[in-house]
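Asks: One structure, pasted below without further comment.
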Amino acid sequence: MSTVVFARHAMTAAERLRDAGWVAFVGFILGVPLIGLTTVDVGGRLAVNTRFGLLAATVAAVFAGRLLLRWGLDQARERKQARSAAGAPASADERAQGAQKVVTVLGWIALGAAVALPIFYSDNRYVVDTATTVLIYVMLGWGLNVVVGLAGLLDLGYVAFYAVGAYSYALLSTQYGWSFWEALPVSGALAAGFGILLGYPILRLRGDYLAIVTLGFGEIIRVILVNWTEFSGGPNGISSIPRPSFFGLDFARSAPEGEQTFAGFFGLDFSPMHRLIFLYYLILVLALLTHAFVSRLRKLPVGRAWEALREDEIACRAMGMNTTNIKLSAFAIGAMLGGFAGVFFAARQGFISPESFTFAESAIILAIVVLGGMGSQMGVVLAATLLVLIPEFGRNFAEYRMLLFGAAMVLIMIWKPGGLLSHREPTVRLNPLGRAGAAREAAR
Amino acid sequence: MKKQTLLAAALLALGGFSGAALADLTVAIAGPMTGQYASAGDQIRKGAEMAIADINARGGVLGQKLKLEVGDDACDPKQAVSVANTMVNKGIVYMHGHWCSSSTIPASDVYADADILVATVSTNPQVTERGLPNVFRIMGRDDQQGLVAGGYIADNFKDRKVAVVDDKSAYGKGLADEMAKAMSDKGLKPSLRESITAGERDYSSLIAKFKQAGVDVMAFGGYHTEVALILRQAQAAGLQLTVMGGDTMTNAELVTAAGPAADNVLFTFSPDARKNPDAAPVVEKFRAAKVEPEGYVLYAYAAMQLFEQVATAANSTKYADLEKAMRGGNFKTVIGDLAFGPKGDLNVPGFVVYRWQGGQYDYVK
Amino acid sequence: MAYALQQLINGLTLGAMYGLIAIGYTMVYGIIGMINFAHGDIFMVSAFIAVTAFTLLAAADVTSIPLALSFVLIVAIFFTSAYGWAVERTAYRPLRGSTRLAPLISAIGMSIFLQNTVQLTQGARVKPIPPVLEGGLVLWDTPAFAVQISWSQMLIIVTTVTLMVAFTWMITQTPFGRQQRSCEQDRTMAALLGVNVDRTISLTFMLGAALAAVAGVMVTVYYGVVDFFIGFLVGIKAFTAAVLGGIGSLPGAMLGGLLIGLIESFWAAYLWAEYKDVATFGILCLVLMLRPSGLLGRPEVEKV
Amino acid sequence: MNAAALNTPATLLSVQKLTMRFGGLVAIDDLSLDVPAASITGIIGPNGAGKTTLFNCLTGFYKPTTGSLRLAHPQHGEMRLEALPSHRVARDAQVVRTFQNIRLFPKMTVLENLIVAQHNVLQRASKFSIAGLLGLPGYRQAEQEAIERAATWLKRLRLEHLADHAAGALPYGIQRRIEIARALCVDPVLLCLDEPAAGLNPRESAELNALLLYLCRELGIAILLIEHDMSVVMNVSDHIGVISYGRKIAEGTPEQVRNDPEVVKAYLGEDDDEDAQDTAVTTGGATA
Amino acid sequence: MMLTMEGVHAHYGHIHALRGIDVEVQVGEIVTLIGANGAGKSTLMMSLFGNPRASAGRIVFDGEDITRVHTHEIARRGIALVPEGRRIFPRMTVMENLQMGAAHADPANYDADLARMFAMFPILEQRQSQRGGTLSGGEQQMLAIARALMSRPKLLLLDEPSLGLAPIYIRKVFQIVRELNRDHGMTILLVEQNANQALRVAHRGYVLQHGEITLAGTGAELLASPEVRAAYLEGGHG
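Residue numbers (the working numbering), protein chains in the order written: chain A, 1 to 444; chain B, 1001 to 1365; chain C, 2001 to 2304; chain D, 3001 to 3288; chain E, 4001 to 4238.
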């Protein structure tokens, strides 16, 4: 019995060239109408301009790029094979243990970095502000993770709840003078209410039918916000939304009569950074609370029920679970977290308009959940960081910014189809991790 | 372990943005360089780049060369705030932007915090109504514009039926509402009040509605793309439609897209900078560089001129001095003389009614 | 009455347009079971190709309309199919067999990518062409209102119906259609029966793109103006149409498209135009509540 | 459960004149059947005879066109199953089923599968998740009990060592056992098993027999069993109903059914030349 | 020699499912493969089609190495599979399912083959315009076999054909297997849980355990083997 181990044979030089040539040819075909030809306006009419030089350069770049890519991929595969040949592949348990450890370590590092960030960048608006944006998306991602990642209900209109939260706070504060802290729970509850409102009619729908209705719901909310001017300010949005205060202390240069400012109270020189850093820590605390809340829920009956629902709805019913309630609770809790994020968003921006709540926003949040690895809390953090930072890095590439963003989304998905962190940690174990291996051996 | 390095790299890179280059004097523009309204962003950039080149050729401002930063907000309020923060970090002293009112409003809060002077072309009243000391508008406001446009309609189309249409954008709806109000004040009630969705293609339904109601004048708040489509489709349906629009109609794409039907477009805009004799050399220069100085090109140019003159007048680039100089002065730019009122709006926002004619626009006689 | 008739014609044209794109959507959905969010952008690419082709023809002084139209159609179909093929090859094929959501996200990424590619290479400005098909028929001339149907409206309706019939025939009656359906129902089994699954999927994408190309040419002819942003909104509407009609069903996509066109048209004509999207989605919700798998979709018997 | 076993009425479930139509197709046609308490009732019949449809009607997944399904619940008295939605059939009437094509929660571990099955008990203990979120002792104790209960069943079915493995990755035969364990965690009065022996080899089938007998004889759980494997049905059933084309064609003890000519014709098949005696071995022969 | 597997290894995800399989099938033989759940029987069948692809070893079919050939190409060379769970295309009619089977056969044979199938399985003729998904399990099994035969395969693979079937259908299935081999000279590789009957129809058999062949022999030898009897033929005493 001979064991011949096949290594997928490395390509010969000729094969590589042929492969790259083929790809370059495809690039050429695709390039002709968009790169090789372009229409320009000459005095009110169009004329066709040719850019064959550019096309040739592009095709050459594609050719070279493909050669390089193939070579790189082959190298990577070889190294991987060498590694797996060297050591016996780890067992599922060991892998799970390893992955879990990495996630835990990663989590603590991320937390440390998050807490320390404003200390190191106390004079850098941009960093603190971008980090705040990341955290908003982390929160949104965690909220949507409940609906999509845990309960498996594809929601393309999540932005609606974000909008409900933001508008609730904006209206409550500008019209009725509510403070941030008063409005927060009410807005969250309102968003949850909308979640249930959306959840009811679509209980029977599955998969993509559910997706399109949620997408429609998001659009309906947006269209209403745009058109109902008396209520929402229409396309003008709502401006001059009050910022949250630090236990009643405003972050202003000077306080109105009889009140104190934050800087004044603590005897600091006024700096606009105080508010920014305060906002940052505020969202950090909100996010951590969300994290604690969602991770705890996941280990409770309701959380397990969500996951069971994702896995098999019919089996859930056969186990006596009321799937209606489970779905609605997922929608409500996801919506509530989205609503909280919305409140914070409105408080940070000081201005909201329907343009912030488009379908594109829903798509990004969904991308965060999926790229992160469905159901993975740390994955959401990672993906949110990436998806916020890539366009920001892209600012160095001016008009290529969004192009790179789109390409990155495709590439990450192809690289990690299951998401960045796809490991699922059980909510409960009978045999604690270290002993599992031994138990299995014993069973053999 | 790979993931940790990734995170570390991300944090480091974030830090990388913090280093502000202070060698030159940095000024900035911001607007939609990508996305649906990218063509406006393009105009702003071309105008500003030319202005910076000219100013630097003259020796810069107060002996310092100007350096231009370009921010892309894609007309998304959230990105606008992010751009604003980037700009603050880059140590800019002056901002021309943003373009969309919904971006300018939240971004100007950031600039106010960081003591940066802003000169914008956003026309929504809220831009200056919020009482921020650092925001100046070098263009008229929707309400002023609407007043002129609506007044013109009421005066000239008294016995015709008029529809007021907007595209649901902050700009478009604001303008359309003001036009409707001005018309009503002068005794001409709009026969129809409609909204369309920007980005759609089919307006045949709207046009049939016009025909049914006997409307042949449309007061429009929105962008030129939609007007071009509406005109084309109206013509195909045999409806001769006269359109009254706002400053966005200055875009020559209107003519390219609508063809001869564009001759039915009236719009309000500031007095044509290109007709300003002082601007003639600049206009020539743009045309020589194959850039038609339409729309916001000259505004961006003027915004940079404005900064040059303000800084010279203040003899300082400190915010407080700049703001003071801005409020006190009267500045000569390619778009005319600029002086600002207490809110930061132009004292003489003078809107004029234009008409497109054979691919050019000119004052209505 | 005349007004209603005119609105009916307008609605039908608009609906036919949605339907045409929705057919492509639904076909691609059928075979890989995923929403191809980039479909709208493929359509947009084809519209740009059409503009370039028309401009070239104008420069070459071609005046025969049938000749010009067929040339543009062929060019657009060729290049757009190539785009369809490339999109499938790069963004979807590597994700075959992974979770259902992964290709959805890469499709969204692809959509952003295509939009920005076109913006960068062709510019952000709108691209117009001079009217190609002018004039039409006056169907009913009342004193107040003349009901018209233009040649291009007729062209759109006729093309859509023809393509719908042709593609339905292809899918239900031909060996290729069978192979396609077999890939949709059980990819592994299809391969075990000798069907080249990859090739079938690629071909389906190309056919979907070809349909989008026809739609792109029609839009260019009818509206005369194209910009890089047109794919998004139309894509969403077409997707809605496909779901309303029952995803996977070609006649359903057509029906859904027509319904949405008519709803939009009549809602805007008699009620509040600004809320017509609310109406569209509201009716979609209503229909799905009553028929959870769309109007002509196969009812999903709960398999227990 | 033992208390329940003492004073159970003779008939636990009474199916009367049950008819189920799908459009024009009649899946079940005027079927009447009694399931005695604390016994094993087998249901056999050709493929497509309507056996699974009967289960679906019984467990609330289908609403029967006509007919009644009365359950004499030991605690709650008579319940009409045809009026209950599926989750209430399991939760309130405690009629629990397994599926022909295994329906586990594949990405969850075996233990989690068994704990999810105790959802209603735990959910009540968690007081709308609030007690759970706060980690109150009442909830913690309930959770501990749930884990112990799951562990007991796992031990009984010799699955303990697999408790923390994702259920979907385990071999078919083991998944079948997990599904039964999961159903048992719902605390059934009547357990409906849909082809539990499909895909099991003779040794595994024999283990299944032992388990079914234990559940019924020791714990007093009534079992309704759909099965094609004669070595299971004939060995454990107290009573067998034969269905063909939606109608009951025979009923009785295994012996009676096996020798019923109509059953032989429609289901068991005539012994033909080559494997006459072999079939006897595989079907009923192993009784000894 | 119809089929030779030499030292075939295959992985299914992270599971090392086949560990050096050596199997031979001669022309005109019925070979049976028995084994417990999860022993790798179905994986072995699918690995013949390159799904999963063998990570080591060689598969030779009809004199040609097919280890690296595409799945659909292998099917076209003359191996047909009746898969576990039957995998009828549920939304195609019976007729269309049969046409799918004949997709790559010579169209000239189509009518004759169809007639042959209808003669062998009269029920399919009655149900020809019904959708596959609406058939009963037994009927589906008949359809799956007919579909496989429509391509006129040189080698027929049957994966658990008796699974979930009523005894009457199980008889029918084994009867067909026997007939196909005896009357048409069809070479058949059969995987079965129902070891007793499977070994009885087989010329030769293999026992698969944990991805390895642990026993081989003629059907009668294996039936008589105490190991096989203990593990696969007799239930424990419960």
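All C-beta atoms in this analysis are idealised placements derived from N, C-alpha and C, irrespective of residue type, glycine included.
(1) Along the beta strand (DSSP E) that carries V2234 of chain C, what are the first and last residues, could you check?
(2) L2262 of chain C to A2241 of chain C, Cα distance in whole Å?
(3) I'd like to check one pair, G1047 of chain B with V1297 of chain B: are the Cβ atoms closer than 8 Å?
(4) Let me see if you follow: with CB-CB separation under 8 Å, is L2233 of chain C close to chain B or not?
(5) Within 10 Å of its beta-carbon, does A4103 of chain E have 16 or more other beta-carbons around it, so buried, or fewer, so exposed?
(6) Taking 6 Å as the limit between beta carbons, can you name the residues of its chain near L2073 of chain C, skipping five residues before and five after?
(7) So, is V4025 of chain E buried or exposed, given that buried needs 16 or more other C-beta atoms within 10 angstroms?
(8) By the 9 Å beta-carbon criterion, what residues does the stretch 121–133 of chain A contribute toward chain B?
(9) For a contact defined as C-beta to C-beta under 7 Å, what are the partners of Q4193 of chain E on chain D?
(10) Is it the case that the CB of M2170 of chain C approaches a heavy atom of the ligand ATP more closely than 7 Å?
(11) Can we say the stretch 1221–1231 of chain B touches the stretch 1195–1206 of chain B, given the rule of at least three CB pairs closer than 8 Å?
(12) Output the distance between the C-alpha atoms of V453 of chain A and Y137 of chain A, rounded to the nearest integer angstrom.
(13) To which residues of the same chain is V3263 of chain D closer than 6 Å at the C-beta, ignoring the five residues directly before and after it?
(14) So, with DSSP's three-state summary, where would you put R3103 of chain D?
(15) Is it buried or exposed for E4006 of chain E, if we count other Cβ within 10 angstroms and need 16 for buried?
(16) With a Cβ-Cβ cutoff of 8 Å, do L4098 of chain E and L4114 of chain E count as a contact?
(17) Name the two residues that bound the continuous beta strand (DSSP E) containing R4178 of chain E.
(18) Find the nearest neighbour of C3057 of chain D within the set D:A3049, D:D3034, D:N3047, D:S3068, judged by alpha-carbon distance.
(19) Could you say if the stretch 4177–4195 of chain E and the stretch 4024–4040 of chain E meet the contact criterion of at least three C-beta pairs nearer than 8 Å?
(20) Please say whether I2112 of chain C and M409 of chain A have beta carbons closer to each other than 8 Å?
(21) According to DSSP, is L1346 of chain B helix, strand or coil?
(22) Is there a Cβ from chain C that is less than 8 Å from the Cβ of R1367 of chain B?
(23) Which residues bound the alpha helix (DSSP H) around H274 of chain A?
(24) Please report whether the beta-carbon of N3344 of chain D lies at a distance below 8 Å from any beta-carbon of chain A.
(25) Could you give the DSSP three-state label for S1039 of chain B: helix, strand or coil?
(26) On a Cα-Cα basis, can you pick out the residue from C:L2290, C:Y2003, C:R2298 that is closest to A2143 of chain C?
(27) The alpha helix (DSSP H) with C316 of chain A in it runs from where to where?
(28) How would you list, in chain order, the residues of chain G whose beta-carbon sits under 9 Å from the beta-carbon of R1232 of chain B?
(29) Mapping the DSSP letters down to three states, classify M4001 of chain E as helix, strand or coil.
(30) Cβ of P3171 of chain D less than 8 Å from any chain E Cβ?
(31) Looking at the structure shown, is M1244 of chain B part of a helix, part of a strand, or coil, going by DSSP?
(32) Let me confirm a value: A3010 of chain D is counted as buried when at least 16 other C-beta atoms fall within 10 Å, else exposed. Which label applies?
(33) Helix, strand or coil: which one does DSSP assign to A1021 of chain B?
(34) Is the Cβ of Q3075 of chain D closer than 8 Å to any Cβ of chain A?
(35) Across the stretch 2243–2253 of chain C and the stretch 1161–1175 of chain B, are there enough close Cβ pairs to call them in contact, namely three or more that are closer than 8 Å?
(36) Select from the stretch 168–181 of chain A all residues with a C-beta closer than 8 Å to any C-beta belonging to chain B, and list them in chain order.
Replies: According to the structure data:
(1) Looking at the DSSP string, V2234 of chain C is not in any beta strand (DSSP E); the run it does join, the alpha helix (DSSP H), is 2230–2245.
(2) When rounded, the distance between both Cα atoms is 12 Å.
(3) yes
(4) yes
(5) buried
(6) V2217
(7) buried
(8) Against chain B - using a Cβ distance shorter than 9 Å - the residues of the stretch 121–133 of chain A are Y121, D123, N124, R125, Y126, V127, V128, D129, T130, A131, T133.
(9) G3199, N3201
(10) The ligand ATP is not among the ligands present in this structure, which contains no ligands whatsoever.
(11) yes
(12) The structure shown does not extend to residue 453 of chain A, since chain A is modelled only from 1 through 444, so no value can be given for it.
(13) Within its own chain, the residues whose Cβ lies closer than 6 Å to the Cβ of V3263 of chain D, once the five positions on either side in sequence are excluded, are V3242, A3250, V3257, listed in chain order.
(14) coil
(15) buried
(16) yes
(17) No beta strand (DSSP E) contains R4178 of chain E, which is instead part of the alpha helix (DSSP H) from 4167–4184.
(18) D:S3068
(19) yes
(20) yes
(21) strand
(22) Residue 1367 of chain B lies beyond the stretch modelled for chain B, which goes from 1001 to 1365, so this question has no answer here.
(23) 272–298
(24) There is no way to answer for residue 3344 of chain D, as the model of chain D reaches only from 3001 to 3288.
(25) Looking at S1039 of chain B - three-state DSSP - the assignment turns out to be helix.
(26) Note that residue 2143 of chain C corresponds to Pro in the displayed sequence, not to Ala. The shortest Cα separation from P2143 of chain C among C:L2290, C:Y2003, C:R2298 belongs to C:Y2003.
(27) 313–318
(28) Protein chains in the displayed structure are A, B, C, D and E, and chain G is not among them.
(29) M4001 of chain E: coil per DSSP, three-state reduction.
(30) yes
(31) strand
(32) exposed
(33) The predicted model places A1021 of chain B with a pLDDT of 40, which falls under 50 and marks its position as unreliable; any figure quoted below should be read in that light. Coil.
(34) Taking 8 Å as the CB threshold, Q3075 of chain D stays off the interface with chain A.
(35) Touching, no.
(36) The residues in question: there are none.
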